[in-house]
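Residue numbers (the UniProt record's numbering): 1 to 299.
C-beta atoms are modelled at their ideal positions from N, C-alpha and C, and glycine is treated no differently.
Keep in mind the model is a prediction, meaning the values are calculated, not measured.
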Amino acid sequence: MRKFEIKKNDENQTILKFLKKVYSLTPLSVIHKWLRKGDVKINGQRIKDKTTILKLADQVEVYDSSKPVLRDNFKIVQDLNLKVVYEDDNLLVVDKPANVEMHSPINESLDDIVKTYCFNKGEYNPQEENSFVVSHVHRLDKLTAGLVIYAKNKISLDILLEAFKNHDLIDKYYLAQVYKRHWTGDFTAKGWIDYDPEIQKSLYSERKRDFFKSAETVFKLIKEEGDILLIEAHLITGRKHQIRATLEYFQLPIINDFRYGGHKINHDKMIFLTAYKIVFGQLPGQLAYLNHKVVELKI
1 MRKFEIKKND ENQTILKFLK KVYSLTPLSV IHKWLRKGDV KINGQRIKDK TTILKLADQV
61 EVYDSSKPVL RDNFKIVQDL NLKVVYEDDN LLVVDKPANV EMHSPINESL DDIVKTYCFN
121 KGEYNPQEEN SFVVSHVHRL DKLTAGLVIY AKNKISLDIL LEAFKNHDLI DKYYLAQVYK
181 RHWTGDFTAK GWIDYDPEIQ KSLYSERKRD FFKSAETVFK LIKEEGDILL IEAHLITGRK
241 HQIRATLEYF QLPIINDFRY GGHKINHDKM IFLTAYKIVF GQLPGQLAYL NHKVVELKI
């Protein structure tokens, strides 16, 4: 028998969702069987309803020999080099360098760096958590630099993940460098996009095609220096490689983005694309204080 006390980062989720996180290596069919047979108790009462909501300080007992899995076995980063752009009790916004992966089982990743930072501050210890993991709520490509949001608790994580599904609640802006040869002025690209894993590229089309998803980006000129333009890309949707694929389609590939047709001006793997600004909209609940807040890199 295994026993768990429900903590702040575990409450207000169903017993099924909690068990799936704690027993992540156990087949879902087995977890359903525990519930059907009454092998799960909450505060001494057998629970068969998988939608039962957990409350703070509930005592959960699982009568099975399966071992729970440590949710987060991240690697401690010794040489901590992290630029925190904004931070409060619920979240932090960090500046990801180019060529750093969001998550990696092998290489040092941004996730490991952020978790080490929170661990060193005494704000996060996976040994003391049943089901919560400090998590990024959106991703950047490995080659893209810029702002990434991390949630420090489950309530904030749930709010932010939902906000990113609704693109009216959080706006993301990027800066890209392109050659001006085919630039004809500010424009909005409304089309369709699909990622092809065989060629490891996203393909953009102005016509709807099978399996393609809608994609919309607003492009605006920020600065002009000789034959190079600095343009802003405002993501309305958030598809994989959306900005890179869209600019390639319009013959405005990002400088140094060789995969998407860009002219390579040096041998660095960095492409000239940075997520430089985040604008929070009408967030609910405990994150309402962030409404209309702008977090921006000075570039």
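| query | result |
| --- | --- |
| Among ILE31, ILE53, VAL294 and VAL60, whose alpha-carbon lies nearest the alpha-carbon of GLN45? | VAL60 |
| Could you tell me the distance, in whole angstroms, from the CA atom of LEU16 to the CA atom of SER131? | 12 Å |
| Do three or more CB pairs link the region 156-166 to the region 210-228 at distances below 8 Å? | no |
| Indicate the three-state DSSP secondary structure (helix, strand or coil) for GLN286 in the structure shown. | helix |
| Leaving out five residues on either side along the sequence, give the residues of the same chain with a beta carbon under 6 Å from the beta carbon of HIS241. | SER202 |
| Can you give the Cα-Cα distance for ALA189 and ILE254, rounded to whole angstroms? | 16 Å |
| Tell me the rounded alpha-carbon separation between LEU169 and LYS293. | 11 Å |
| Going along the chain, which unbroken runs of the beta strand (DSSP E) with 3 or more residues stay wholly within the region 181-265? | 187-196, 201-205, 213-225 and 228-235 |
| Please report the Cβ distance between THR116 and LEU80, rounded to the nearest whole angstrom; I am assuming they are in contact, meaning their Cβ atoms lie under 8 Å. | 6 Å |
| Is it buried or exposed for GLY38, if we count other Cβ within 10 angstroms and need 16 for buried? | exposed |
| Rounded to the nearest angstrom, what separates PRO68 and TRP34 at their Cα positions? | 14 Å |
| Going by the beta-carbon positions, is the gap between ALA176 and ILE243 smaller than 8 Å? | yes |
| State the beta-bridge partners of THR14 as determined by DSSP. | ILE53 |
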